[in-house]
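Take my numbering: the last position of the sequence shown gets the number 282, and nothing is skipped along the way. Remarks on the structure that follows.
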Amino acid sequence: MKYSSTPKEILYSILSILPQVSKEFGNKEKYKSLISFLSAKDYYNDYDIPYPTMKEIEAVTGLKSYQLRKQLTEIYDKIFAFDEDFEFEFNKTTMLIHVEYHKNFGAFNCKPLKYLPRIGENISLRFLKAKIGIDFFYVQDIRHSFEENRHTIDLFLKGGLFNSYWYYRKHKAEELNEIHFQDMHKLYDFQIKEKLGL
85 MKYSSTPKEI LYSILSILPQ VSKEFGNKEK YKSLISFLSA KDYYNDYDIP YPTMKEIEAV
145 TGLKSYQLRK QLTEIYDKIF AFDEDFEFEF NKTTMLIHVE YHKNFGAFNC KPLKYLPRIG
205 ENISLRFLKA KIGIDFFYVQ DIRHSFEENR HTIDLFLKGG LFNSYWYYRK HKAEELNEIH
265 FQDMHKLYDF QIKEKLGL
């Protein structure tokens, strides 16, 4: 089933990659007033600035409602059309490492690593012992996000040593609804094991 998006959803999606959209469409006369308006404020990153309403964009740009909807849809369709030669460019990579051990949390920024550790790999971070209480961790999860022109890697580390059986059993329990999703984040592993009768 094909998903039908609203102009508002398209607007929010465009704002999440505005530097790339602006580079591609900002100098095209047809889209100039719209891109100029969207670029005037940092709607995406500044939480004190609310997203613009369609009426607000229409009033400032002079576009009629149908023109605004059409331009948003055209821009959005063109960035996904193979015959348009548009290529996304996420040329800035940032990395955020999250650590957790017995509900003690920490996080720090890191320049991108040449080798990205995979789930289950063990890592020693001696400099975290005074903050978290432990210096050996394993990779619990890796998440990637792509926004504006940035690729952000979130690396989630958990204190201790990786246990492949427990990793599998915990996720199986979640899938079979033996434990609730929130239990995975709120409870200690030993509490989850008790719930599962292990």
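Idealized CB from N, CA, C, for every residue including glycine. A quick note: this is a predicted structure, and the numbers were derived from the prediction, not measured.
Sequence-distant residues of the same chain with beta carbon closer than 7 Å to residue i, five excluded per side
| i | result |
| --- | --- |
| Ser97 | Tyr160 |
| Leu212 | Val183, Gly190 and Asp219 |
| Ile133 | Lys125, Asp126 and Tyr127 |
Contact belief for residue i with residue j at Cβ below 8 Å, rounded distance in angstroms
| i | j | result |
| --- | --- | --- |
| Lys148 | Arg234 | Not a contact, Cβ separation roughly 34 Å. |
| Tyr286 | Ile216 | The structure shown has nothing for residue 286, since the chain only spans 85 to 282. |
| Glu232 | Leu95 | At roughly 15 Å, the Cβ-Cβ gap does not stay under 8 Å, so Glu232 and Leu95 are not in contact. |
| Phe77 | Ile181 | Outside the shown range of the chain, which is 85 to 282, sits residue 77, and nothing can be said about it. |
| Met179 | Ile226 | Not really, about 10 Å apart at Cβ, beyond 8 Å. |
| Lys293 | Asp267 | The question about residue 293 has no answer, for the chain in this structure spans 85 to 282. |
| Phe230 | Gly204 | The pair is not a contact, with the Cβ atoms about 25 Å apart (cut-off 8 Å). |
Same chain, Cβ closer than 6 Å to residue i, neighbours up to 5 away in sequence not counted
| i | result |
| --- | --- |
| Phe109 | Tyr115, Ile119 and Ile159 |
| Gly243 | Tyr185, Ile218 and Phe221 |
| Ser117 | Thr145 |
| Pro196 | Thr177 and Met179 |
Own chain residues within Cβ distance below 8 Å of residue i, not counting five before or after
| i | result |
| --- | --- |
| Lys92 | Met138 |
| Phe121 | Pro136, Ile141, Val144 and Thr145 |
DSSP bridge partner residues for residue i (one or two, in chain order)
| i | result |
| --- | --- |
| Val223 | Leu241 |
| Thr236 | Thr178 and Ser229 |
| Ala191 | His182 |
| Ser208 | Phe220 |
Residue i: CB within 7 Å of a non-hydrogen atom of the ligand MN
| i | result |
| --- | --- |
| Phe265 | Questions concerning the ligand MN fall outside what the structure shown contains, since it holds no ligand whatsoever. |
| said: Would the stretch 254-265 count as touching the stretch 184-202 if we require 3 or more Cβ pairs under 8 Å? | reply: No, the stretch 254-265 is not in contact with the stretch 184-202.
| task | Answer yes if the stretch 165-184 comes into contact with the stretch 120-139, meaning at least three C-beta pairs across the two stretches below 8 Å, and no otherwise. | result | no
| field | Complete runs of the beta strand (DSSP E) confined to the stretch 243-281 [at least 3 residues] | value | Listed in chain order, there is nothing to give.
| request: Taking only runs that begin and end inside the stretch 156-187, name each unbroken alpha helix (DSSP H) of 4 or more residues, in chain order. | output: none
| Unbroken stretches of the alpha helix (DSSP H), 4 residues or longer, contained in the stretch 92-167 | 102-109, 116-124, 138-145 and 149-163
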